[in-house]
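See below for the structure under consideration.
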Amino acid sequence: MPYDPRISEERWYRYWMENGFFHSTVDRTKTPYCVVIPPPNVTGVLHMGHMLNNTIQDILVRRARLHGLNACWVPGTDHASIATEAKVVAKLKAEGIDKRDITREEFLEHAWAWTRKHGGIILEQLKRLGASCDWERTAFTMDEVRSESVIRTFIDLYNEGLIYKGVRMVNWDPEAQTAVSDEEVVYKEEQSKLYYLRYRIEGEEEEYITIATTRPETILGDTAVCVNPNDERFRHLVGKRCIVPLVNRPVPIIRDEYVDMEFGTGALKITPAHDINDYEIGYRHNLETIDIFNDDGTLGEKATLFVGRDRFDARREIIPALEAAGNLVKIEDYANKVGYSERTDAVIEPKLSMQWFLKMKKLAKPALAAVLTDEVALIPAKYKNTYRHWMENIKDWNISRQLWWGHRIPVYYLPDSNDFVVAATAEEAAALASAKVGRRLTPADLRQDEDCLDTWFSSWLWPISVFNGVLEPENEEIGYYYPTRDLVSGPDIIFFWIARMIMAGYAYRGQKPFHNVYLTGLVRDKLRRKMSKSLGNSPDPLELISRYGADGVRVGMMLCSPAGGDLLFDESLPEQGRNFTTKIWNAFHLVSSWQVADAPQPPHARLALEWFEQRLRECADTLEVSFGQYRVSEALMILYTGFRDDFSSWLLEIIKPAHGTPVDRETRDRCVALFEHFLQLLHPFVPFITEDVWQQLRPRKKGESIMISRLPATRSFDVALLEEFERVKGIIVAIRNIRKQHDVPFKDSLELKVKWHERYPQRFESVLLKMGNLSAVSILPAAGESGDAPSDDTLSGAWSFIVDTVEFFIPAAGEVDVAAASAKLTDELAYTRGFLASVMKKLDNEKFVNGAPADVIENERKKRADAEAKIRAIEEQLSRLTAPKS
RNA sequence: GAACUGUUAGCUCAGUCGGUUCAGAGUACUGCCUUGACAUGGCAGGGGUCGCCGGUUCAAGUCCGGCACAGUUCACCA
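So the first sequence is numbered by the numbering used here: it starts at 57 and just counts up by one.
Rendered as structure tokens:
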């Protein structure tokens, strides 16, 4: 019966849920291992990035559980202020409702309805992947605890003097009609035009000053033209005024160091309302500020021309007008970078507005130190530089958003005043306000700030707030689970989220939020393109799961995704993963098909099991090292090749009984035990099939599960035995090659003769007999030994090979191709002589012998001895081949 | 423009302290095998001047300098 992932996955996930295996509670006798999920957008759907990220988290969490740690993976979702609001606005628009026509309360009703309808779908999708989250702990950034935590945090920070309000030049998103933070602006290189425009000098008929701009429509808001103080070309014009074209406004010609004499004409038009640099120059020179744009990116009344036109239309339309007026000098092609809103992809408009800011310098200090000292380890460490650079140059965080969906800023304005109080509720605000003004005020007298807080102002509290550590800092859960252990995230949100969580951690708990940050790469397609809807190159994760099974997809994702490296995904990966699960299933199928008999254990089986036990210990040991360094792909690869090659191709092939014959009990029991151990090691990667097989390998009690089993402690392993078995493998491979070269079918048994050598793994002869299908193995005395030296007669008609300087012979079933065999030996001889020469070169070098450490020299001597022995062996075989037959 | 990271097999990547037969893995490829767990497979095999140039060293894929190319982040000039 083939393995059906759909049935198995549904069944075992339900089993795990019913038994509460995912749930964690405080248990002081156990070490906690905690991971908080990077909360996906509440109305989002699962994409490949989530798949990779959550697969890694599940692997870490499941492994921790098998190690006996109290594993707790906290799931949840993020309200995603801008993204969700944009979706709701679009939905309302489709229904013919304009957001501006409804009240805040009505809008929020729609938004909550949308959230209830689409919210949490993504969490259900994660279950299909096998995510072992503690679903009883599912949190939402806008649920009651998290909301109150955000408000409390705002109030605390305000009271500490870290939050302030002010008019600043901010990044305005005309699409979402809100300010966004610097981090939410994405710059893209663009081919645009540079327009040269001349402004007539006031009082002169034919004298002009020419400026260059990429945004000609903004001249309507110009309040100066600026040149460099050292620029001789304009010296005679400074202090005069020029006339802004079309609007005919006289503006001063001023001087400022900021202006680059090399660029354009060396004269810069100044629009303080619509450019951050212009704003600063305007501030220094006390210039008037004319804001010509509306919030939606159309031109406003103050523009006086093109009023109501979109800024891009105005840009196009103003050119003919300027040309007609004689102000257009020339147009050049120009490549520049334009800022776009990360969320809406609208071109960002620098805009002056009143916003709330959080001072960052003080918060950043301990968070920077933590990463630099590896108190919080970034994996891979290359991101430390990026992090440091950002933290050292950190700017204040604009935390207000002109949105409705989110946490409303807890600021209440006094009647007819810009004065305000900060309080968690309107009632508290009224009390504070009353005290402030000296008369009784009710909540109705106050006006709450209209703005919401940036989404990240709630996410940055996530590792604390999911355990209610903001509102109840002394509670048992936060004390036990915090700091969490590992955070798995993408490098794209290092600043948005990770850095800020570290800051919040130190600010609120005096402690880091997590020990390690594992940064995954991006999932790309085979051509290294980002996965995107518009390219249509992003597979549907759930469809992949139905096609290849969750285990198959997990393996596919992990086969090739080192920390920080991109995952180049294509369907051959989950296919390979699926094939691997099939391999596991088939191995189980073989073992479970055996009839068991109470019979003595054959030596080859005993030896193979003895070897594999050591091999498995080695595997488990290497795995510890790989996980210790978060080399999760490498860990999987160890298991992948270990299972396929060592377990299936070697162990099972050696111990499996001939068709129709039973296996002895001892062999089967040992095999099952080793199989179980291997399944435990595999479980974090392929949780479903390992559970399925584990449940069937032997009778299980109700409520038992591989996922809550304990992984055996790592033990030392016998290196000499492992090396010896490698020689066994080498001999078997060589015999297979002989068969192949000479067309000897496997069913024809062969005889093997060995020239005695201490490296011949004689102990494993029974394994050689079985795997080589040998009728007999006989030992020939070593050269130089007295007694029966092998007669050339015995060996002249034999095929031969050398494994690790041990010489083997197989009496030929047919003619020996002397020419071919000697050609091969001659090649090998040449190579070995060359190798010996390189070793000798070192050993003959006095500087090497004097300078290199003793063990290195010893090694070289050993190499020399080995090479010499090998050369002797080859020469001997060659001479035997070419000697005339007696 | 700056900083950082990278460049090893057709592809995706390991390669720790400079030192073993160190040039490796997976995949792709080639040949043979439908043998009684598994063709979603087995067995075997071919494949690399370690980006380029120079330096240090007894010894360099590994350390240093320069160059080329790629990627990431930050800044930005209108």
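Quick reminder that beta carbons are idealized off the backbone N, C-alpha and C, glycines included. All values derive from a computational prediction rather than experimental measurement.
- prompt: Hey, how far is the Cα of P656 from the Cα of D720?
  reply: 6 Å
Nearest to R305 (by Cα), restricted to the options F368, G546, R256 and T270: R256
query: Which two residues bound the contiguous alpha helix (DSSP H) that contains Q657?
result: Counting along the chain, Q657 falls outside any alpha helix (DSSP H), and DSSP gives it neither H nor E.
query: Can L753 and F734 be called in contact, C-beta distance under 8 Å?
result: no
- prompt: Bridge partners of T888, per DSSP?
  reply: Looking at the DSSP assignment, T888 forms no beta bridge with any residue, so it has no partner.
For K811 and S842, the rounded distance between their alpha carbons: Only weak support is given to the placement of S842: the predicted model assigns it a pLDDT of 45, under 50, and the value that follows is read from those uncertain coordinates. One C-alpha to the other measures close to 14 Å.
message: Going by beta-carbon coordinates alone, are L434 and V427 separated by less than 8 Å?
response: yes
field: Rounded separation between D844 and I710 - CA only
entry: Below a pLDDT of 50, predicted positions are generally treated as unreliable, and D844, at 49, falls in that range; the measurement from the model is reported next regardless. So the two alpha carbons sit approximately 34 Å from each other.
query: Shortest alpha-carbon distance to T354 belongs to which of P230, N342 and V681?
result: P230
message: Does the distance between the C-beta of K639 and the nearest non-hydrogen atom of the ligand COA fall short of 7 Å?
response: As for the ligand COA, it is missing from this structure, which has no ligand bound.
query: Got a sec? Which residues, its chain only, sit under 7 Å from P768 by beta carbon, not counting five neighbours each side?
result: H733
query: If we ignore side chains and look at the alpha-carbon of each, how far apart do L615 and G105 end up?
result: Rounded to whole angstroms, L615 to G105 spans 15 Å at the Cα level.
field: Backbone secondary structure at R254 - three-state DSSP
entry: strand
query: Since L708 contacts L646 with CB under 8 Å, what's their CB separation in whole angstroms?
result: In this structure L708 touches L646 by the C-beta definition: roughly 6 Å separates them, less than 8 Å.
message: Does the stretch 597-610 come into contact with the stretch 60-76, if we say contact requires no fewer than three beta-carbon pairs (one atom in each stretch) closer than 8 Å?
response: yes
query: Three or more beta-carbon pairs under 8 Å between the stretch 195-212 and the stretch 463-470, yes or no?
result: Cβ pair count under 8 Å is three or more, so yes.
field: Length-filtered (4 minimum) alpha helix (DSSP H) runs lying within the stretch 488-522
entry: 512-515 and 518-521
- prompt: Should Y887 go down as buried or exposed, given a rule of 16 or more other Cβ atoms within 10 Å for buried?
  reply: Exposed.
message: Taking the straight line between their C-alpha atoms, what separation do you get for G716 and W650?
response: Taking the straight line from one Cα to the other gives about 9 Å.
message: Could you tell me the alpha carbon to alpha carbon distance between V895 and V789, rounded to whole angstroms?
response: 28 Å
message: In this structure, how does DSSP classify I640 when only helix, strand and coil are distinguished?
response: helix
- prompt: Taking just the CA atoms, how far does Y314 sit from F683?
  reply: 53 Å
task: Would you give the residue range spanned by the alpha helix (DSSP H) that N524 belongs to?
output: Run containing N524: none; DSSP gives neither H nor E here.
task: Classify R398 as buried or exposed, calling it buried when 16 or more other Cβ atoms lie within 10 Å of its own Cβ.
output: Correcting the residue type first, residue 398 is Glu in the shown sequence and not Arg. E398 comes out buried.
query: Can you tell me whether DSSP reads D389 as helix, strand or coil?
result: strand
- prompt: Which one or two residues does DSSP pair with S456 in a beta bridge?
  reply: L509
field: Nearest candidate by alpha-carbon position, reference V1016, set T400, T140, W446 and P658
entry: Since the first and last residues shown for the chain are 57 and 942, residue 1016 lies out of range.
- prompt: Can you tell which of D389, D748 and D548 has the C-alpha that lies nearest to the C-alpha of N642?
  reply: D748
I558 vs K568 beta-carbon contact at 8 Å: yes
Contact set for R495: own chain, Cβ-Cβ below 8 Å, skip 5 residues either direction: none
field: Boundaries of the alpha helix (DSSP H) in which I177 is found, first to last residue
entry: Here the alpha helix (DSSP H) through I177 covers I177 to L185.
Any 3 or more C-beta pairs closer than 8 Å across the stretch 153-165 and the stretch 74-81: By the Cβ test, the stretch 153-165 is not in contact with the stretch 74-81, since fewer than three Cβ pairs between them sit closer than 8 Å.
message: DSSP three-state label for L361, please.
response: coil
message: Count Cβ pairs between the stretch 312-330 and the stretch 272-288 that sit closer than 8 Å; are there 3 or more?
response: yes
query: Can you name, in chain order, every residue of its own chain whose Cβ lies under 7 Å from the Cβ of I112, other than the five neighbours on each side?
result: V544, Y574, T576 and V688
message: Bridge partners for D720 per DSSP, in chain order?
response: When DSSP reads this structure, D720 sits in a beta bridge with A653.
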